[in-house]
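Inspection log for the structure reproduced underneath, given as structure tokens.
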Amino acid sequence: MQNNPPIKSPVVNPWLRATVLSRGLKSLFSNTFSPLKRSLAISSEINFRAVEGLKTRSSRLLLPIATLALSLPVSFSIHPAALAQVPRLNAPSTQNLPSNLPPPRDVVPPLSPPPQPQPVPSPLPEDPLPKQPSQQPESVPVVPDTFFVTKFKFEGSTVFKDEELLRAMEVVLYLYTPEELDEKSRCEQLSGQSIKQSPLRKLPRTEKDAPVQLSFAQLLQARWAITQLYICKGYITSGAVVPEQTLLPGGGEVKIRLVEGSLEDIKITGTRRLNGSYIRSRLERANQTPLNRDRLLEALNLLQQNPRIDSISVELSAGNRFGTNLLEVNVKEANTFHGEISLDNSRSPSVGSFQRSAKLSEDNLFGIGDTISLLYGNTDGSNEVNFSYALPLTPQDTTLSFNYGYTSNNVIEEPFNELDIVSNSHRYELRLSHPFIKTPTKELAVGLALSHQRSQTFLGFENTGGFPLSPGADKQGRTHISALRFFQEWTQRGDRSVLALRSQFSFGLPIFDATINDVGNDVAPDSEFFAWRGQAQWVRSFAPDTLLVLRGDVQLADRRLVSLEQFGTGGLASVRGYRQDQLLADNGAFGSIELRLPVLRIREAQALLQVVPFVDVGTAWNNFEGADPDPSWLASVGLGLRFEIRDRLNARLDWGIPLISAKSNERTLQEQGLYFSVVWNPF
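So my numbering is basically just the index in the sequence shown, starting at one, shifted up by 14.
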């Protein structure tokens, strides 16, 4: 018998196209994903659509949409010796094809021989050759419905093991038809999460296993199952194809190629001052092969939470190379220049409790996401200047920052104002932080800070000059403290709650001309110390604008500390009902609980008024006997009003009633238990 060459079906390049839209993804709480629609057809074209929703604190609904259309043609050949009769299928020419051809489809061999295509007439040459004798067309055999498979070979899979792929194929071949797998059960069954029963038959794992007989339609179903398995795991631009191949007589190995999509390029448009590389580098976290929908949406959500970005829209389309995609990102930048004017009575009455301050900040100074801020504040007896600059070093938001602060205080409280006490302090800090975990709902940042503080106290009475009024200062009233601080910050956002934790270990160092007192002096503090401080805040939402707020703060030290490092209890941000820093000691703890209840909403102005009942408690103690503050505990209950207009104005008035008596002059509103703060953001 004459051996005929293998029969090959046409090979058509797969076509993939995906579109992802994401708008207004800013959120304080976690994201929720809800598949709304996914239509599937067992053919050469598979349509997939998923809509994901994200609800933010301001009740905005964002719908990142992912759409995928896959046309994955199957092409293979069967050796003629294995079949009784095989039709002849010639690959069509790729030249002069009409432009209105339909999308490529899987080529299914017909059960009867198709009519042979007529050749396209071509122009005769000037010197035509002699005509060749005509040949009788060969008889075309009939294609059988089934063939034998001894083993499946998977090529290109980096996500799934062969056993996982075979399991998905067995589900649609022997357990359920694709129509029987609804939206919910499809992913559970294909991934093996919900196995109600084992397949009736097993596909061969090795060549030693018994071969199975499959039809071409079943092969398409098996390929569909693998593609759906990828989609269920979020790989929306990946799928399976059956490449051109030959089956040997008696059956043979069938190859299935896994096409895992990747990003060919990321194009950024719409930016004005923000450098495109800033956005591109932060989307690279999603640029892993195969491209995953969840990773992409996570990167988009993180970008949307960035204060430099107002909104983003993203389109994912087919790339220039097979299996690649092009990500086009359109960015609308947010306003990065901010101003803040605030009034409050949060300072100590010794320098004047009424404080005025103004702050200017720019969140994108040089177009690389760097931040600069300048603050000036004063009271009747003090002036304060703070400057900070933060530079992002990596796309993961590793940040290097520098902070400088200057404070000048003049004691104006009677009767100490007669002494004309003045103190000046300078603070320098270099900080490096890195988020080891950063998702839209969780963040763990760790960092180091090297700080140096220099302060000096002067006594103007009779031109005394530098004078040691605080423990640990030298004869000229100077105190220099250097410290290395190791901090950890954890933030977790849920649907209805936010948890923030902060821990800091401070190690005093004898560097930069730091204050070091005589060895053996157990009383005088200096720059050699160790202290730990922990802070926590939990916010729980019970209804719109109804919040429960819990706060805690604690400090523990191994020895006596200078006043710059001590823990203060009492005041606007601590135990309300007492003066600022009523207790100042080496160690301390503070706890507060308050409930914010809405009583008035003005929707036209986006204004909200809340009533805030609260309970505060705190304590402080020192690290040497006989020096604990008296009293050592503070406690209060009270009621507050909180008013806000959008993000422009925030005002608060609190009245705290002390439950434990403490010495106080009661000359100021603060000492009478009244606190106020007004913050206005003009731009």
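We put the beta carbon where it would ideally sit given N, CA and C, even for glycine. Being a predicted model, the structure only gives us computed values, none of them experimental.
- Spatial neighbours of residue 510 in its own chain (CB-CB distance under 6 Å, excluding positions within 5 residues in sequence) are listed in chain order as 555.
- In this structure, residue 584 lies away from residue 626, with their beta-carbon atoms at least 8 Å apart.
- DSSP, reduced to helix, strand and coil, places residue 367 outside both helices and strands of the structure shown, so it counts as coil.
- For residue 601, the closest C-alpha among the options 165, 371, 176 and 572 is that of 572.
- Per the DSSP secondary-structure output, residue 493 pairs in a beta bridge with 469.
- Here residue 196 is exposed. Its C-beta has fewer than 16 other C-beta atoms within 10 Å.
- If you draw a straight line from the Cα of residue 250 to the Cα of residue 607, it comes to about 46 Å.
- Bounds of the beta strand (DSSP E) holding residue 628 are 621-635.
- Taking the CA atoms as reference points, residue 329 sits about 7 Å from residue 343.
- The beta carbon of residue 530 lies closer than 8 Å to those of 524, 540, 541 and 542 in the same chain, with the five residues before and after it left out.
- Counting only runs of 3 or more residues that sit fully inside the segment 516-574, the beta strand (DSSP E) segments are 544-557 and 560-571, in chain order.
- For residue 609, the enclosing beta strand (DSSP E) begins and ends at 601-616.
- In this model, residue 219 and residue 325 are separated by some 50 Å (Cα to Cα).
- In this structure, the beta-carbon distance from residue 549 to residue 516 falls below 8 Å.
- Across the structure, residue 473 and residue 560 are spaced so that their CA atoms are roughly 51 Å apart.
- Residue 240 and residue 300 do not touch by the CB rule: their CB atoms are close to 23 Å apart, not below 8 Å.
- Straight through space, the alpha carbons of residue 611 and residue 558 are spaced by roughly 9 Å.
- Inclusion of residue 164 and residue 257 in the CB contact set at 8 Å is not warranted, their separation being larger than that value.
- Of the other Cβ atoms in all chains shown, 16 or more fall within 10 Å of the Cβ of residue 293; this residue is therefore buried.
- Between the alpha carbons of residue 388 and residue 351 lies a gap of roughly 12 Å.
- Around residue 306, the same chain offers 248 and 249 as residues with beta carbons nearer than 6 Å, after the five sequence neighbours per side are excluded.
- The DSSP-derived three-state label of residue 674 is coil.
- DSSP links residue 227 through a beta bridge to 162.
- Here residue 292 is not bridged, per DSSP, to any residue.
- The Cβ-Cβ distance between residue 496 and residue 528 falls below 8 Å.
- Residue environment: residue 244 is assigned as buried (16 or more neighbouring CB atoms within 10 Å of its CB, all protein chains considered).
- One alpha carbon belongs to residue 456, the other to residue 508, and they sit about 9 Å apart.
- Under the DSSP definition of a beta bridge, residue 279 partners with 340.
- Residue environment for residue 407: exposed (fewer than 16 other C-beta atoms within 10 angstroms of its C-beta).
- Take residue 433, set aside five residues on each side of it, and the residues of its chain with a beta-carbon closer than 8 Å to its own are 425, 473, 474 and 475, in chain order.
- Sequence-distant Cβ neighbours of residue 295 in its own chain, meaning closer than 7 Å and more than five residues away, are 409.
- Here residue 162 is near residue 265, since their CB atoms are less than 8 Å apart.
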